[in-house]
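Residue numbers (numbering that gives the first Met the number 0), protein chains in the order written: chain F, 0 to 264; chain V, 0 to 355.
Quick reminder that beta carbons are idealized off the backbone N, C-alpha and C, glycines included.
One structure is given here, and the rest of the page talks about it.
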Amino acid sequence: MQKRHIVPVLYILFLMLPIYWLVAMSFKTTGEILSGFSLFPQTWTLDNYRTIFTDPTWYWGYINSILYVSINTVISMVVALPAAYAFSRYNFLGDKHLFFWLLTNRMAPAAVFALPFFQLYSAVGLFDTHIAVALAHCLFNIPLAVWILEGFMQSIPKELDETAYVDGYSFPRFFITIFVPTIKAGVGVAAFFCFMFSWVELLLAKTLTAVAAKPIAATMTKTASSAGYELGLLAAAGTLTIIPGAIVIYFVRNYIARGFAMGRV
Amino acid sequence: MAKITLSNLRHSYYPAPEKRDDYALKNIDLDWEDGGAYALLGPSGCGKTTLLNIISGLLTPSEGRILFDGKDVTDWTPGRRNIAQVFQFPVIYDTMTVYDNLAFPLRNRGVDPAHIDRRVQEIARLLEVENMLDRRASGLSPDNKQKLSMGRGLVRDDVNVVMFDEPLTVIDPHLKWKLRSKLKELHQRVKHTMIYVTHDQTEALTFADQVVVMDEGEIVQIGTPVDLFARPAHTFVGHFIGSPGMNVLPCELRNRGAFFQGSPVPLEGPVRADASGRAEIGIRPEFVTISDAGLDAVVVKVSDVGRHNVVQAMVGDTKLAAIIEGDVPHKGESVKLSFRQDQTRLYCDGWLATEI
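So this is what it looks like as structure tokens:
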């Protein structure tokens, strides 16, 4: 190994260590985890994973999370695409201020909104539903999506729109069949960030749900059960939680690089 | 195909224009004859693109009407007007192949597939892109993209007018020349009305039969390239067209005769009776010669531009350019300059004021 490789290799090891530890723990029994330090699982077990895939309180956590994350991503994109188009193509009174105000929505910690959302959703009967969490996450995701998409749309010359009109397109047809495919990289990046935020957000998701829509992250916070500490089980759940994010990143990795190059994201 | 009439057209980007200067276009009255090759020439920001977008329907004029063959189309959408427009930057649909891009304007109007194929092949051959028809449009080089963009404008054979908005800006110089002659050739074959917007005089003069010169939202002169060069109607045209542009020399108007730096200058003809205001003499550098008698001048700069030399000289406090072939004076030398009388004109407040 050459000298210049040492630093990056050390850095990667440093980054991978917690993930390795998590994965290694998920194959150990809880007894082994508590008994002391071991680099590899001494007795390999798949029991942890078996429990998660068979116990409804565990696997419904994943289903709930995926449901509200998907709903949130769809709502965010459907709302943000036209909004970003308006910001990128038209000048209207206060457009710059409105655009900035959208961003400031992301500056408040989620905890600020936990109480008003909880009270509001309880009052209108949305408490403990998937749509409640999806809508709450929209507060953060729509501004972000608008901001990312606006950057991509800015880079598309207005002449594309004009050519389409001259070619006889109506606006909705142009927008759906020409414009959105043209910025599909941006749509991918924006959808990815919506997905990621909604997937990792815990506080609002936990506050707004009880049983029926309880997300996996909330399930994982119950560290102790009647059988005492179940660290192996938690490690397996953590490992499985990383996987959807990794899959999504794999699909949008090239687009994200382009998004960075364009100065947004 | 149609004759396009612009009648009393005014446009302002302000919601409530008051002053004359609020208007980007100030009262345009113009006919574009069917099948003509027109160039719209003027400096950046003079309203060329505004005018084009009004013809295509992307903008609605503040005042005035647009007629196609006498039919009022002012309120029609761009799609309904049946026109084609090519923009400064290549506009192609990245997600389609080259073939689909070219076929698109036809397909969108429900043209018979066999006819589409024939037109696309023909245009592709003319633009020399037939070997890349199956490629994705997004991977093309900028000049091929622009060719494709132009092809999309030319592919329909029933359009009322094809408009080009500075289409060669992004093209390399050697390809510019090629595409321009291609366009000219195309015009002679298909006989569409074509309007070519540019701020480059060479492009305008080589492409068009008729050049419309604009300045600050007004049409200054319409004429053949020869007209514009030989007898500019306005000092702006004289200065804008030609390299270097026409010399515009402030002068005094006394008893309907022009005096430059105190000495009388013979003009091409009598000065119009109503001529008044700021008087200037216009003479192209091509018609200024060094002779034994004439205005006293001091040479300040000589530039060799290949075929001839451009001599800059000071007459009193006014700078003057002359195109000299053969022997040239040196810098600092005193010479005498004379003007060819039939090319010496008087302008009052910018407008031509001599008659022939």
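Per-residue burial, residue i [other beta carbons within 10 Å of its own, 16 or more giving buried]
i	result
H233 (chain V)	buried
E229 (chain F)	buried
V199 (chain F)	exposed
N159 (chain V)	buried
N143 (chain V)	buried
E324 (chain V)	exposed
A110 (chain F)	exposed
I241 (chain F)	exposed
H4 (chain F)	exposed
F103 (chain V)	buried
Y10 (chain F)	exposed
N253 (chain F)	exposed
K330 (chain V)	exposed
I248 (chain F)	exposed
I322 (chain V)	buried
E251 (chain V)	exposed
G276 (chain V)	exposed
P284 (chain V)	buried
W57 (chain F)	buried
Proximity below 8 Å, CB of residue i to CB of residue j
i	j	result
L105 (chain V)	I91 (chain V)	no
R64 (chain V)	D71 (chain V)	yes
L204 (chain V)	I280 (chain V)	no
R230 (chain V)	E202 (chain V)	no
Y37 (chain V)	V211 (chain V)	yes
L143 (chain F)	R105 (chain F)	yes
L266 (chain V)	A257 (chain V)	yes
F139 (chain F)	L207 (chain F)	no
V128 (chain V)	L147 (chain V)	yes
L58 (chain V)	T49 (chain V)	yes
I53 (chain V)	P60 (chain V)	yes
W75 (chain V)	I194 (chain V)	no
K329 (chain F)	N63 (chain F)	Because chain F spans 0 through 264 in this model, residue 329 (chain F) falls outside it and cannot be assessed.
D33 (chain V)	A1 (chain V)	yes
L148 (chain F)	G124 (chain F)	no
Q87 (chain V)	P172 (chain V)	no
A135 (chain F)	I70 (chain F)	no
F163 (chain V)	V85 (chain V)	yes
V236 (chain V)	V219 (chain V)	yes
Y61 (chain F)	L239 (chain F)	yes
A136 (chain V)	N100 (chain V)	yes
T356 (chain V)	I282 (chain V)	Residue 356 (chain V) lies beyond the range of chain V shown here (0 to 355); nothing can be said about it.
E31 (chain F)	S25 (chain F)	no
I289 (chain V)	L319 (chain V)	no
T28 (chain F)	T44 (chain F)	yes
V251 (chain F)	F178 (chain F)	no
Interface partners of residue i on chain F, CB under 7 Å
i	result
P104 (chain V)	D166
F88 (chain V)	P156 and E158
T94 (chain V)	P180 and T181
P77 (chain V)	Y164 and V165
Under 8 Å by beta carbon: chain F residues contacting residue i
i	result
Q84 (chain V)	E161, T162 and V165
Below-8 Å beta-carbon distance, residue i vs any chain B residue
i	result
R124 (chain V)	Among the protein chains of the structure shown, namely F and V, there is no chain B.
Interface partners of residue i on chain V, CB under 8 Å
i	result
I5 (chain F)	Going along chain V, no residue has its Cβ under 8 Å from I5 (chain F), so there is no contact; the nearest lies around 40 Å.
Residue i: contacting residues in chain F (beta-carbon distance under 9 Å)
i	result
R108 (chain V)	D166 and G167
Proximal residues of chain V, C-beta to C-beta of residue i below 7 Å
i	result
I177 (chain F)	Y92
- Segments assigned alpha helix (DSSP H), at least 4 residues, entirely inside the stretch 167-207 of chain V: 172-189 and 200-206
- Message: Against chain F, which members of the stretch 42-62 of chain V pass a CB distance test of less than 9 Å?
- Response: N52, S55, G56 and L57
- Query: When you check each C-beta in the stretch 67-85 of chain F against every C-beta of chain V, which residues fall closer than 8 Å?
  - Reply: none
- Task: Please list the segments of the beta strand (DSSP E) lying wholly inside the stretch 53-79 of chain V, counting only runs of 3 or more residues, in order along the chain.
- Result: 62-67
- Query: Along the chain, which unbroken stretches of the alpha helix (DSSP H) at least 4 residues long are found entirely within the stretch 213-257 of chain F?
  - Reply: 215-219
- Message: If we require 4 or more residues per run, which alpha helix (DSSP H) segments fall completely within the stretch 205-277 of chain V?
- Response: 224-229 and 234-239
- Task: Kindly provide the ranges of any alpha helix (DSSP H) runs that are 4 or more residues long and lie completely inside the stretch 111-187 of chain F, ordered along the chain.
- Result: 129-153, 157-165 and 170-173
- Item | Segments assigned beta strand (DSSP E), at least 3 residues, entirely inside the stretch 317-343 of chain V | 317-323 and 333-338
- Task: Counting only runs of 4+ residues fully inside the stretch 18-66 of chain F, write out the alpha helix (DSSP H) ranges in chain order.
- Result: 29-34 and 46-53
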